[in-house]
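Its first residue numbered 50, the sequence shown is counted upward by one per residue in this note's numbering.
First comes the structure, then the notes that go with it.
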Amino acid sequence: MASSSGKSKKAKGKAKSKQNNKLIMILTVIIVVILILAIVIISVKGLWGTVIDYVKSLLGMEETPDNPPLAQGVAKLEGAVLEMRVLDIGQGDCILLIFPDGQIMVMDIGSVIGKASPWNVIDGNLKGLNITTIDYLFLTHTDYDHIRDAKKLIDNYEIKNFYFPKGATITDTTWENACKAAQNETYLENGVEKKSVYNENVGTYEIKGENWIMKCYTYDEADYPDESKDATNKNAVSPVCFLEYAERTIVLTGDSNYTNEDYLLAKGYFDNIDADVLKVAHHGSKTSTREEFLKKVDCEYAIISCGAGNKYGHPTDELLERLDKYVDLVPDDDYNGFAKVYRTDQDGTITVQIDEKGVMNLIADENAEKNTTTGTPYEINEAHVVAYIYSKQQEWESDELVA
């Protein structure tokens, strides 16, 4: 039989337990109420982005120029970086070049008739980099899938220099509007309005900045074809350009084809070239990027800009087979053939980064397994993975809102 003191202790224990449980319940209710109020206030005032950014900062996940979202399978870069983005804009071309000295070039800006304009992708990339002034707008030729949004770009951004095809015989409204806008463009520099410089892509010429140079080759004035004659001529005026930085070379081609490839090869412009990355001509057409051209430029990575399920069959089986079978004319220390072939219809936007020591990253926006580097890949921690996923989510949501 339990003593009276034992019963008293048990009773006191039960009472204390009830009090503790009641206190916990009260605290829980208070916390829930506070959380609900906080959620309501944050939602009403639209502060979720600020809250997420604050949490990310606590975890060391800030997205700053010195600490961008890290990608799988690439190396850390040192010093000034050249970046090329072959934007995923469907069946068309738009290349964004961010030079190591901070200058900006947009090369081509178009997509095919009958598809939604890719403006939100182009404009989103520029705004994401806080770009308001573009140093160069370079149009390789006058096809709609390369010039569609040229006038819109001129209307929305200040552009200092233009590199346009001659296009003298072209009577197309889209081209004429872009050409007229370019020739009338001005920009502000230190509060002073200046006339933009209009250049025609004829012969051989160079565009250069601090420690980088783009060497461009097309028809001489005397040999320049009549672009209105047929589609072959219109594509053939596309310059072939070699962008050089830190002993790396990117080959840019527009819609070059066998006609100007033969012309430029005969001129000897491609002799003694040992390039790294090839932007494949004409979206992977069978009439471009022939074996003779491949052997001269000697690249290890290929990038094809094309739209999923396009009616042209780009890239063609013939072109893909040429890339697959290609081997170096003169074997060297590089990869013998193409190490990887990237396609915007399968891999999304393709980014090439080159640092001042020549370390090169290739990043496939929608296919991280194809990311590669010439340097030593770093390990990514969980915080940066979350930051990267978050940045992509914001990008997708932004695209959906604009669309």
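Where is the CB? At the ideal position from N, CA and C, for every residue including glycine.
Contact between the region 161-177 and the region 213-228 is absent, with fewer than three C-beta pairs closer than 8 Å.
A distance below 6 Å between beta-carbons, with the five flanking residues on each side excluded, links GLY386 to the following residues of its chain, in chain order: TYR375 and VAL376. Shown here, GLU238 sits in a strand according to DSSP, grouped into three states. Each of GLU367, LYS345 and ALA129 was checked against the Cα of VAL289, and the nearest Cα belongs to LYS345. Inclusion of GLY333 and LEU368 in the CB contact set at 8 Å is warranted, their separation being smaller than that value.
Nearest neighbour of THR253 by Cα position, chosen from SER245, GLU234, LYS264 and CYS355, turns out to be LYS264. Secondary structure within the region 390-434: the beta strand (DSSP E) runs of 3 or more consecutive residues, fully enclosed, are 399-403 and 409-413 (chain order). Taking 8 Å as the cut-off, the beta carbon of PHE187 is found closer than this to the beta carbon of TYR212. Restricting attention to ASN309, ALA413 and LEU146, the CA atom closest to the CA of TYR294 is found in LEU146. Cα atoms of VAL123 and LEU343: separation of roughly 26 Å, rounded to the nearest angstrom.
The alpha-carbon separation between LYS243 and MET154 amounts to approximately 19 Å. Contact between TYR185 and ASN226 is ruled out by a C-beta separation of about 20 Å, above the 8 Å threshold.
Contact check for THR308 against GLU132 fails: the beta carbons are separated by 8 Å or more. The three-state secondary structure of GLY258, taken from DSSP, is strand.
In the three-state DSSP reduction, GLU132 falls in the strand class (E or B). For ILE158, the enclosing beta strand (DSSP E) has its first and last residue at 153-158. Look at ASP311 here: in three-state DSSP terms it is helix. ASN248 sits in a strand when the DSSP states are folded into three classes. DSSP places ASP184 inside the beta strand (DSSP E), whose first and last residues are 182-187. The Cβ atoms of TYR391 and LYS360 do not sit closer than 8 Å to each other. Cβ neighbours of ASP150 within its own chain (closer than 6 Å, five residues either side excluded): GLY258 and GLU259.
Collapsing the DSSP output to three states places CYS143 in a strand. The beta strand (DSSP E) runs lying completely inside the region 264-310 and spanning 3 residues or more are 289-294 and 297-301, given in chain order.
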